[in-house]
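This report refers to the structure that appears directly beneath it.
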Amino acid sequence: MSLFWRIFALNALVLGLATALLLWAPVTVSVPVLLTEAVILVCGLAVMLVANAALLRIGLAPLDRLARLMTTVDLLRPGQRLPSPPGRGGVAELISTFNDMLERLEAERATSSARALSAQEAERRRIAQELHDEVGQSMTAVLLALKRVADRSPEPLRAEMRQAQETTRESLDEVRRLARRLRPGVLEDLGLVSALTSLTDDFATHTGLRIERRFDPDLPVLRRETELVLYRVAQEGLTNIARHAEAENAELTVRRTPGALVLGIVDDGRGIGLACEGAGIRGMRERALLVGATVDIGPGGRGGTRVSLAVPVEPGSAAPVQAAAGTGCGEA
1 MSLFWRIFAL NALVLGLATA LLLWAPVTVS VPVLLTEAVI LVCGLAVMLV
51 ANAALLRIGL APLDRLARLM TTVDLLRPGQ RLPSPPGRGG VAELISTFND
101 MLERLEAERA TSSARALSAQ EAERRRIAQE LHDEVGQSMT AVLLALKRVA
151 DRSPEPLRAE MRQAQETTRE SLDEVRRLAR RLRPGVLEDL GLVSALTSLT
201 DDFATHTGLR IERRFDPDLP VLRRETELVL YRVAQEGLTN IARHAEAENA
251 ELTVRRTPGA LVLGIVDDGR GIGLACEGAG IRGMRERALL VGATVDIGPG
301 GRGGTRVSLA VPVEPGSAAP VQAAAGTGCG EA
């Protein structure tokens with residue numbers, strides 16, 4: 001039954017009952033109206049209004065739920081659906097159509113995000129290669145030239161040349177570090193655990209953050225795309241801690257749970273509070289969609305922020321990997 005006929009039937013039922021009461025009940029209206037008759041009429045009207053409101057509330061409740069979901073739905077949090085009411089009326093068809101639309105939009109969003117992130121990774125590799133080949137080699141040549149000039153310079157000028165050498169060497173190290181962050185070669189060569197170990201060591205060295213690592217020894221074999229998503233989410237999580245958390249300690253864990261591999265990052269900073277999600281967190285969610293993972297962000301156990309990325313893993317993929325890369329616990 002369509003929404004129109006449902007509302008019409010509800011009102012017809014209420015008016016029919018009221019008419020039946022007037023026809024067969026011993027109720028009359030005098031002129032002028034007596035007080036008792038007025039009380040009866042007002043009570044009857046109140047009962048009709050309450051019954052009509054209750055029936056309409058029940059009938060229109062699915063539309064209210066649909067309106068609330070339409071104002072809060074987020075394609076980066078897939079799976080938000082409305083249960084379809086029984087029957088095949090207009091409301092049920094509307095909710096079913098809305099659920100189908102959400103599925104199409106989520107699929108299209110995942111596809112477009114995959115293309116965009118793939119292009120982004122390709123651009124990162126190109127920039128990292130140019131930094132390594134062009135800028136790195138040019139700065140190395142400058143460093144060698146400064147060394148030759150310093151060796152032939154008189155003593156008062158030699159100290160300044162040594163200082164220029166040291167500044168150039170630090171800049172060269174920074175360029176190489178940026179190239180490694182843009183293109184994690186250790187991830188491609190040695191695997192996830194070695195890449196995360198190198199990442200935490202790098203952050204600890206440059207930010208002063210004390211990072212504790214914990215890796216389960218029975219991590220499953222993962223696809224290259226999944227490892228890259230785990231690495232980028234860990235990288236973004238540590239970057240957010242260094243920029244915003246004002247934390248002194250952090251913990252990075254990778255553990256195996258039934259049906260999933262969970263990456264966890266916890267800090268003891270000031271916490272996320274009621275702050276809106278920025279581009280970094282939304283970037284985490286977009287990357288998680290590529291591998292069917294979910295990102296959960298909330299308060300940590302030590303007063304800071306907790307980031308959890310759960311990647312679904314097939315039950316048969318429990319072969320341990322990367323044993324030579326240093327699984328277990330460690331600190332940076």
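If you count the sequence shown from 1, position 295 lands on 295 in UniProt numbering, and the numbers rise without skipping.
Beta carbons are placed, not taken as given, at the ideal position from N, Cα and C, and that holds for glycine.
query = Which partner residues does Ile211 have in the DSSP bridge list?
reply = Ala250
ask   = Based on the DSSP output, what are the partners of Arg306 in its beta bridges?
value = Val266, Gly298
key: Distance CB(Glu251)-CB(Val266) smaller than 9 Å   = yes
ask   = When you compare each of Ala18, Leu102, Arg77 to Met48 by their alpha carbons, which one comes out closest?
value = Ala18
key: C-alpha gap between Ile40 and Glu106, whole angstroms   = 57 Å
key: Contact check, Phe215 vs Thr239, beta carbons under 9 Å   = no
ask   = Terminal residues of the continuous alpha helix (DSSP H) containing Glu134?
value = First-last for Glu134: undefined, no H or E at that position.
ask   = Is Leu143 closer than 9 Å to Leu172 when the C-beta atoms are compared?
value = yes
request  = Please report how far the alpha carbon of Arg162 lies from the alpha carbon of Ala150, in whole angstroms.
outcome  = 7 Å
ask   = Since Arg255 sits in a beta bridge, which residues does DSSP pair it with?
value = Val262
query = Apart from the five residues just before and just after Gly271, which ones in its own chain have a Cβ nearer than 7 Å to its Cβ?
reply = Pro299, Gly303, Gly304, Thr305
query = Taking one C-beta from the region 276 to 285 and one from the region 230 to 239 each time, how about it: are there three or more such pairs within less than 8 Å?
reply = yes
Alpha-carbon spacing of Val311 relative to Val221, whole angstroms = 12 Å
key: Distance between Gly269 and Pro184 (C-alpha atoms, nearest Å)   = 27 Å
ask   = Between Leu21 and Thr72, what straight-line distance do the alpha-carbon atoms span, to the nearest angstrom?
value = 46 Å
query = Cβ-heavy atom distance between Pro32 and the ligand NAD below 8 Å?
reply = This structure does not include the ligand NAD; it has no bound ligands of any sort.
ask   = When the Cα atoms are used, what is the spatial distance from Asp202 to Gly79?
value = 37 Å
query = Going along the chain, which unbroken runs of the alpha helix (DSSP H) with 4 or more residues stay wholly within the UniProt domain "HAMP" (57 to 110)?
reply = none
query = Can you tell me the Cα-Cα spacing of Ala288 and Leu219, whole angstroms?
reply = 19 Å
ask   = On the three-state DSSP scale, how would you describe Val291?
value = coil
query = Apart from the five residues just before and just after Leu55, which ones in its own chain have a Cβ nearer than 7 Å to its Cβ?
reply = Leu10
task = Compute the Euclidean distance between the alpha carbons of Pro83 and Ala110, then round it to the nearest angstrom.
result = 23 Å
message = Here's the rule I'm using: 16 or more other beta-carbon atoms within 10 Å means buried, otherwise exposed. How should residue 336 be labelled?
response = Since the first and last residues shown for the chain are 1 and 332, residue 336 lies out of range.
query = In three-state DSSP terms, what is Ile184?
reply = Sequence check: residue 184 is Pro here, not Ile. Three-state DSSP puts Pro184 in coil, outside helix and strand.
inquiry  = Quick check on Leu146: buried or exposed, where buried means 16 or more other Cβ atoms within 10 Å of its Cβ?
reply    = buried
inquiry  = Spatial neighbours of Gly59 within its chain, please: C-beta separation below 7 Å, excluding the five flanking residues on both sides.
reply    = Arg6, Ile7, Leu10
key: Alpha-carbon spacing of Ala116 relative to Ala12, whole angstroms   = 56 Å
message = Which same chain residues end up closer than 6 Å to Val307 when comparing Cβ atoms and leaving out the 5 residues on each side of it in sequence?
response = Gly237, Ile265, Ile297
query = When the Cα atoms are used, what is the spatial distance from Thr327 to Ala179?
reply = Reliability of the predicted coordinates at Thr327 is poor, the pLDDT of 38 falling under 50, and the value obtained from them is presented with this limitation in mind. Between Thr327 and Ala179, the C-alpha separation is close to 25 Å.
Outcome for Leu35 when other beta-carbon atoms lying within 10 angstroms are tallied against a minimum of 16 = exposed
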